[in-house]
Amino acid sequence: MKRILPFVLLFSAICLSSNAQETEKKFRKRTYLKVNPTTIISSLDIYLEQDLTEKLSLELGVSGIYTDYPDYVFMKRIDVGQRKPGLSTEQYVEGRGLGFRAGMKWYLFRQTSENTARGTYFEPVLFYKKVFYPNEDQLLNGQVYKNEGDKNVYGIQLLLGRQVKRDKFILDPYLGIGIRSKVYNYTNYTLVGNSVNADQTELVNVLPSIHLGIKVGFSL
């Protein structure tokens, strides 16, 4: 029995080593390119996710904003007590801008098989957006004045999602909460008596936010 025991221990060690090597082989660092169709009404959001370890990945995103109409709906149609900037409907609709975001995904439950879900994750995200509103001509006292405006948005999101992979195809539904600060800078011209008054204002709104959407893409 004493002679057999060393062989049993050696066989067990070989099996454990083989299983560990098999697990390591299953996980390979990958890069994923995704878009977000749930935001297509106002912007094109593109994401690049890079695996760092088996549990962590870095996700970077860029947004091309071609209208700020959703903000118009929120500011003008839904009153939750926020202060409203002096911008016209046309300025909201014609607003253009860029957005940037960075998130760190922590996979709580992750499977590395090629044809199963990659896993459930928690992701804190920092983001920034800049929107430029077009100038709007206003005729006062026989002169043309230009109403101007722009917006800076700073925020953080706390997301929970589950990324599913099938061959090269990726589905990434998510939900979460966050908080954002919207800083509006605008100049409006008004007629006060016989003189023209320039109203230059900075307006700050800090509001909570709810996030629900899905990203789709493929592995590179």
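According to mature numbering (1 follows the signal peptide of the UniProt record, and there is no 0), the stretch in the sequence shown is residues -20 to -1, 1 to 200, in order. Ideal placement from N, C-alpha and C gives every residue a C-beta, glycine not left out.
Taking 9 angstroms as the cut-off, the Cβ atoms of I58 and V42 do not count as close. Out of D147, G193, F112, the CA that lies nearest to the CA of E74 is found in F112. Secondary structure at Y72: helix, using DSSP grouped into helix, strand and coil. Counting of Cβ neighbours within 10 angstroms places D51 among the buried residues, the total reaching 16 or more.
Residue state for D130 is assigned as strand, using DSSP reduced to three classes. Secondary structure in the stretch 11 to 45: the beta strand (DSSP E) runs of 3 residues or longer, each lying completely within the stretch, are 11 to 15, 23 to 31, 36 to 45 in chain order.
Looking from the CA of T11, the closest CA among T47, T33, K109, L183 belongs to T33.
Cβ neighbours of M84 within its own chain (closer than 8 angstroms, five residues either side excluded): L36, S37, L38, E39, E103, P104. Of the residues assessed, G129 falls on the buried side of the cut-off, its CB having 16 or more other CB atoms within 10 angstroms.
According to the DSSP assignment, D147 belongs to no alpha helix (DSSP H), since it is labelled neither H nor E.
DSSP places D51 outside any beta strand (DSSP E); the residue lies instead in the alpha helix (DSSP H), whose first and last residues are 49 to 52. Non-local beta-carbon contacts of L13 in its own chain, meaning distances under 7 angstroms to residues more than five positions away in sequence, involve L28, G197, F198, L200 in chain order.
Here the alpha carbons of R98 and K145 stand approximately 6 angstroms from one another.
In the structure shown, R81 falls within a strand segment according to DSSP collapsed to helix, strand and coil. By the C-beta density criterion, P65 is buried, having at least 16 other C-beta atoms within 10 angstroms.
Per the coordinates, the alpha-carbon of G156 lies some 16 angstroms from the alpha-carbon of L88. Proximity to S175 across I136, R142, Q123 peaks at Q123, based on C-alpha coordinates.
Taken through DSSP and simplified to helix, strand or coil, R57 comes out as helix. With a beta-carbon spacing of about 4 angstroms, I194 and P153 fall inside the 8 angstroms limit used to define contacts.
Distances from the CA of V15 to each of L151, T167, D179 were compared; the closest alpha carbon is that of L151. With 16 or more other Cβ atoms inside 10 Å of its own Cβ, D31 counts as buried.
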